[in-house]
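Residue numbering for the sequence shown follows my numbering, beginning at 175 and increasing consecutively.
Ideal placement from N, C-alpha and C gives every residue a C-beta, glycine not left out.
Input: a single structure, listed below in structure tokens.
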Amino acid sequence: MVHPKSSRNSIDSIQGNALKIHITAPPVEGAANEAVVSFLAKTWRIPKKDVSLVQGLKSRHKVIFLPYDLDRVVELIEKALDTPHRGKR
Numbered sequence: 175m176v177h178p179k180s181s182r183n184s185i186d187s188i189q190g191n192a193l194k195i196h197i198t199a200p201p202v203e204g205a206a207n208e209a210v211v212s213f214l215a216k217t218w219r220i221p222k223k224d225v226s227l228v229q230g231l232k233s234r235h236k237v238i239f240l241p242y243d244l245d246r247v248v249e250l251i252e253k254a255l256d257t258p259h260r261g262k263r
């Protein structure tokens with residue numbers, strides 16, 4: 175779940191089967207979508223082209239595709255939840 179217009183970019187937690195992501199960009203003209211892709215690529219240190227927004231362009235609930243096996247995706251998520259930029263809310 176993406177929360178646009180937040181005070182900082184952060185991955186907050188896992189809620190159910192979704193990451194709770196805060197993005198500073200507003201939900202206008204795709205700015206928040208682009209910010210999510212850029213933020214995740216930077217956080218995970220992977221190429222931006224590997225982060226694809228495949229569903230939820232106009233929704234807070236988005237589906238991201240990563241061209242990696244499940245073990246790698248789980249590793250990326252766990253690493254992101256352990257990083258210092260993670261928000262505490």
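With contact counted as at least three CB pairs below 8 Å, one residue from each stretch, are the region 175-187 and the region 197-213 in contact? Touching, per the Cβ criterion.
Between A192 and T217, which are expected to be in contact by the criterion C-beta below 8 Å, what is the C-beta distance as a whole number of angstroms? Numbered from 1 along the sequence shown, position 18 holds the residue referred to as residue 192. Numbered from 1 along the sequence shown, position 43 holds the residue referred to as residue 217. Not confirmed; about 16 Å, so no contact.
With DSSP as the reference, identify every bridge partner of L227, one or two as the case may be. The residue you call residue 227 lines up with position 53 of the sequence shown. Beta-bridge pairing links L227 to I238.
Residues near V153 by beta carbon distance below 8 Å, same chain, minus five either side: Absent from the model: residue 153. The displayed extent of the chain is 175 to 263, so no value can be given.
Output yes or no for whether 9 Å exceeds the beta carbon distance between K222 and S233. In the sequence shown, counting from the first residue as 1, residue 222 sits at position 48. In the sequence shown, counting from the first residue as 1, residue 233 sits at position 59. It is not a contact, given that the beta carbons lie outside the stated cut-off.
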